[in-house]
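Take any residue in the sequence shown, note its place counting from 1, add 206, and you have its number in my numbering. Everything below concerns the one structure shown next.
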Amino acid sequence: MEFPEGLKYSKEQEWVLVEDKVAIIGITEFAEHELGDVVYVELPEVGEKVVKDDPFAAVESVKAVSDVFAPVSGTVLEINDTLPENPETINDDPYGDGWMIKVEMTDKDDLKDLMSAEEYAEYIEQQKEKDGEEDDDDEEEREDEDEDEE
């Protein structure tokens, strides 16, 4: 799984590329992999305000509908017009052509809460370990239930 250097990452699985006061935002390869095939993308309008940690978009896959959360606050300058007609672009190229919005940031301090590629990779490993433990717990519960039924 790829986590390009030079990007910032949120715990909600978004990435940010900062160019001066503009943040280019998309979802990570981990997120698109977890979602599966993306079939629909709902983006905000240009000029809309986005607020850090609030949903700004929705991504629908064959598995689920998921909100996409703003890693920074600001005003939407541009949306990726190709995504509504070609949502699979997010699966094909999440860090390139699959970008979602460009935002003029209101506070660059928002970036302080984001992770580097290395920190994000460690965070994902921790999440996978937690998920594995939860799956083990579920399996043990099912085994206990099976024994109770006998």
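No residue lacks a Cβ here, since even glycine has one placed at the ideal position from N, Cα and C.
Beta-carbon spacing of residue i, residue j below 7 Å
i      : j      : result
Val278 : Ala263 : no
Val245 : Glu225 : no
Met306 : Asn292 : no
Asp316 : Lys255 : no
Minimum Cβ-Cβ distance from residue i to chain B less than 7 Å
i      : result
Leu320 : Absent here is chain B; the protein component of the structure consists of one chain.
Environment of residue i [buried if 16+ CB atoms lie within 10 Å]
i      : result
Gln219 : buried
Glu360 : The question about residue 360 has no answer, for the chain in this structure spans 207 to 356.
Thr288 : exposed
Ala270 : exposed
Val309 : buried
Arg348 : Any answer about Arg348 is weak, because its pLDDT of 49 lies below 50 and its placement is not dependable; what the coordinates show is given next. Burial call: exposed.
Glu331 : exposed
Reduced DSSP category for residue i - H, G, I as helix; E, B as strand; rest coil
i      : result
Ala323 : helix
Arg348 : Confidence at Arg348 is low in this model, with a pLDDT of 49, below 50, so its placement is unreliable and the value that follows should be read with caution. Helix at Arg348.
Lys314 : helix
Thr163 : Residue 163 is absent from the model: the chain starts at 207 and stops at 356.
Gly212 : coil
Tyr246 : strand
The ligand SAM heavy atom lying under 6 Å from the CB of residue i
i      : result
Val271 : The ligand content of the structure shown is nil, which means the ligand SAM is not present either.
Beta-ladder partner(s) of residue i, from DSSP
i      : result
Ile296 : The partner list for Ile296 (beta bridge, DSSP) is empty, contrary to what the question assumes.
Val278 : According to DSSP, which records beta bridges pairwise, Val278 is partnered with nothing at all.
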